[in-house]
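> Sharing a structure, written as structure tokens. Questions coming.
Numbering (our numbering), first residue to last: 1 to 822.
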């Protein structure tokens, strides 16, 4: 690395530091959502707190919570395998997004930093990895430092990254793509140890970073670059191809410790297969392409002018969002990218690889036959093809860097050259589009978009017009030879910084650390629920949402975990299929978007024995919903500030029954359990007989009798003695042979022992755990020790040993084989 490279990387460090200065040097954190707009925190928020901008709630309802739980576990010296705080419990490590085995995460999770500071450090680190990686890749192509710096800045500040500061795993997974591509190119040129380890390392780090869809994109990008740079290399081609493929295979092997538990979970998760109509709805609306020129064409994401949601593609199953439509890279980078396509010079491989990468990303995220075809390829049938803007943005950023380098060189001048002419055409189209929107936005745009985004469109079009004119003038001045190459690069960097810098900062919403899930106010609802948990032991809450809008309920999904409140609803990337079926049996409106959940609008649906099985003791709602006309949830109102709560009878987390009713059809089981006459404390349902537990008579019997305090005598007493994430202890006093029912989710890897004797766990009541007990049994212990994790760890260890062996077989250094232009 030259001194100039050192200065360029220092410049990237400075740019990232400036972008995140309020978090680095102030009291903010990289956290996009304003929690004060949610109940119950809104009750104590000031007008200034409520007015803070907000966007991308995933950081609050998922990533912050996961980091809080994982950090607590790592500091206690254990792996966070299970999450008891949402649903009826759910796998934690297997759900990939916590990225528990990702090395930077492990360091942060074990550090003394609080969760907000960890999120800040994580995001800053990965913006540095992404931008420096793009710089290294462009320099490996032979681009000048200033041109490589321009391309790296474009990649780091592009719309895809700017809109996702609240989605750390997506940014982290994608940040390693330039590094593996640089290593792959080096491998096909030099075939040395450094390149081999670079490929294996970058792919493995990306796979562990926690966003499988972005990792699949990474795999396709790695394949594209390998094919372009490996084809036609002459002698030794077989060795190069073998080493390239071996690097990918070893990376997959190193990921086995995460892949095995995740694949096991996916087999039991809700149906995540997308139909062609669903996938089509997750592509970009054609008007989103207008944001390549005018980033505020669909309104500003942080205020009331945001109109992206007003657009639909196909069935509209997936919404167009402010982040999915954030595709801006600046106008000048588009001109620079166009300028190199027809005149790549001696960088034909680099240009072809970058162009194919951009084309692949565009074809996948745009509606039409190309996207429909590509989503049939392995791994590409994920929920939102529009996330492929990651690949399109990287490809265009690389082309912009190569284009800047070409224009700055001796071959740059020449206004009549076809390559420069293509750049002028792109610039002219950008100018014309900005002028048209400025003159007739209300007639050109969809009426609803024009109405919602009116206050943002005009100033956005004026700014776009200015930047397009500046970009055209700069390229024309260099193409005509009036501007020296070095001056051109300096001005190009300045123009891109002036354009993309403010754009990035508008989306880079940060929040004061003091207002990110503040401590529960004394005497408030959260404080009261914490006290009840300490007094009574574990219980769950449920939700009622009179208005079924996005994030309109009380205590948003998963956030109760931060305050020690178990929530039967939640938000996660994977959910057990049987949990989804149970929620659907309570009220179909609970299940949203393939397995995420919200409280039903009709409170009468909550008067069901299925909530008894879930150990739901309280139903929560916003104060506004509670103030409206009835009906309200059944139960005793609890007079606490912050939330509306209704307390309902609860049978506890564990109880004994002495009969099992066998039904082979899970749907029949759910239907019978949903009937108001079902007594879960007297009989359990199973799809197969449970050895040692008497079967219930064929007639309905006690299970269908009215729920009263009378009726059949209980089978004995069960008391929850300990309840931790990976360990549960129940003390029992069985009057006769029966079944201990634990209202936690059945899942492979849970093991049970009764007074030290191992006994099988049976899936009962559709979702829950059951263990046969006999008179005299006293202590039942459940532990979570998944075989999938051990098997995956064994494969990872074997892959690590093979990687070491393969590394020693690869030469430490080898001269470049063939010139880039070959």
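Where a beta carbon is used, it is the ideal one built from N, C-alpha and C, also for glycine.
1) Cβ of residue 199 within 8 Å of Cβ of residue 183?
2) Quick check: the Cα distance between residue 351 and residue 172, rounded to an integer number of angstroms?
3) Look up residue 89 in the DSSP assignment and give the residues it is bridged to.
4) Which of the three DSSP states, helix, strand or coil, is assigned to residue 687?
5) Given a cut-off of 8 Å, decide if residue 479 and residue 420 are closer than it, judged by their beta-carbon atoms.
6) Span of the alpha helix (DSSP H) holding residue 333?
7) Residues in the same chain with beta-carbon distance under 7 Å from residue 17, minus the five sequence neighbours each way, listed in chain order, please.
8) What are the partner residues of residue 662, as DSSP defines its beta bridges?
9) Tell me whether the stretch 507-518 and the stretch 45-57 touch, counting them as touching only if at least three CB pairs, one residue from each stretch, are closer than 8 Å.
10) For a minimum of 4 consecutive residues, which ranges assigned as the alpha helix (DSSP H) are wholly contained in the stretch 383-453?
11) Please tell me whether, using a cut-off of 7 Å, the distance from the CB of residue 440 to the nearest non-hydrogen atom of the ligand SAH is below it.
12) Quick check: the stretch 452-465 against the stretch 287-294, are at least 3 beta-carbon pairs closer than 8 Å?
13) Can you check which of these residues, 564, 498 and 542, is closest to residue 520 by C-alpha distance?
14) Starting from residue 287, trace the alpha helix (DSSP H) in both directions and tell me its first and last residue.
15) Who are the Cβ neighbours of residue 237 in its own chain at under 6 Å, not counting the five residues just before and after it?
16) Helix, strand or coil: which one does DSSP assign to residue 107?
17) For the alpha helix (DSSP H) holding residue 627, just list the boundary residues, first then last.
18) Can you check the stretch 464-542 for any beta strand (DSSP E) of at least 3 residues that lies completely inside it and give the ranges in chain order?
19) Looking only at DSSP bridge pairs, what is residue 783 linked to?
20) Apart from the five residues on each side of it in sequence, which residues of its chain come closer than 6 Å, Cβ to Cβ, to residue 41?
21) For the putative contact between residue 654 and residue 770, defined by C-beta atoms under 8 Å, what is the C-beta separation to the nearest angstrom?
22) With H, G and I counted as helix, E and B as strand and the rest as coil, what does DSSP make of residue 124?
23) Should residue 102 and residue 570 be called a contact, given that it needs their Cβ atoms to be closer than 8 Å?
24) For residue 762, report the span of its beta strand (DSSP E) as first-last.
25) Need the endpoints of the alpha helix (DSSP H) that residue 911 sits in, please.
26) Name the DSSP bridge partner or partners of residue 769?
27) Rounded to the nearest angstrom, what separates residue 298 and residue 308 at their Cα positions?
28) Using C-beta distances below 6 Å, list every residue in its chain close to residue 370, excluding the 5 sequence neighbours before and after it, in chain order.
29) Cα-Cα, which of 386, 358, 572 and 354 is closest to residue 368?
30) Contact between the stretch 109-125 and the stretch 133-153: three or more CB pairs below 8 Å?
31) Count the CB pairs spanning the stretch 380-399 and the stretch 209-216 that are closer than 8 Å, and state whether there are at least three.
32) Would you identify the three-state DSSP class for residue 703, choosing helix, strand or coil?
33) By DSSP, does residue 303 sit in helix, in strand, or in coil?
34) With DSSP as the reference, label residue 822 as helix, strand or coil.
35) Determine the direct distance from the alpha carbon of residue 185 to that of residue 812, and round the result to whole angstroms.
36) For residue 322, which of 486, 142 and 165 has the nearest alpha-carbon?
According to the data block:
1) yes
2) 25 Å
3) Residue 89 is bridged to 87.
4) coil
5) Cβ atoms of residue 420 and residue 479: closer than 8 Å.
6) 331-341
7) 24
8) 686
9) yes
10) 389-408, 418-444 and 447-452
11) In the structure shown, the ligand SAH is absent, as is every other ligand, since no ligand is present at all.
12) With the cut-off at 8 Å, the stretch 287-294 and the stretch 452-465 touch.
13) The candidate whose alpha carbon is nearest that of residue 520 is 564.
14) Taken as a continuous stretch (DSSP letters only), residue 287 belongs to no alpha helix (DSSP H), as it is neither H nor E.
15) none
16) Note: residue 107 maps to helix in three-state DSSP.
17) 623-627
18) none
19) Residue pairing of residue 783 in beta bridges, as defined by DSSP: 727 and 751.
20) 35
21) About 10 Å separates the two Cβ atoms, so there is no contact after all.
22) Helix at residue 124.
23) If you check the CB distance, residue 102 and residue 570 do not come in under 8 Å.
24) 762-764
25) Any property of residue 911 remains undetermined from this structure, which presents the chain solely from 1 to 822.
26) 742 and 763
27) 5 Å
28) 363
29) Considering only alpha carbons, the answer is 386.
30) no
31) yes
32) Its pLDDT being 46, under 50, residue 703 is placed unreliably in this model, and the value from its coordinates should be taken loosely. Reduced to three states, the DSSP call for residue 703 is helix.
33) coil
34) Note on residue 822: pLDDT 34, under 50, position unreliable in the model; the coordinate value appears next. Coil, per DSSP.
35) 16 Å
36) 165
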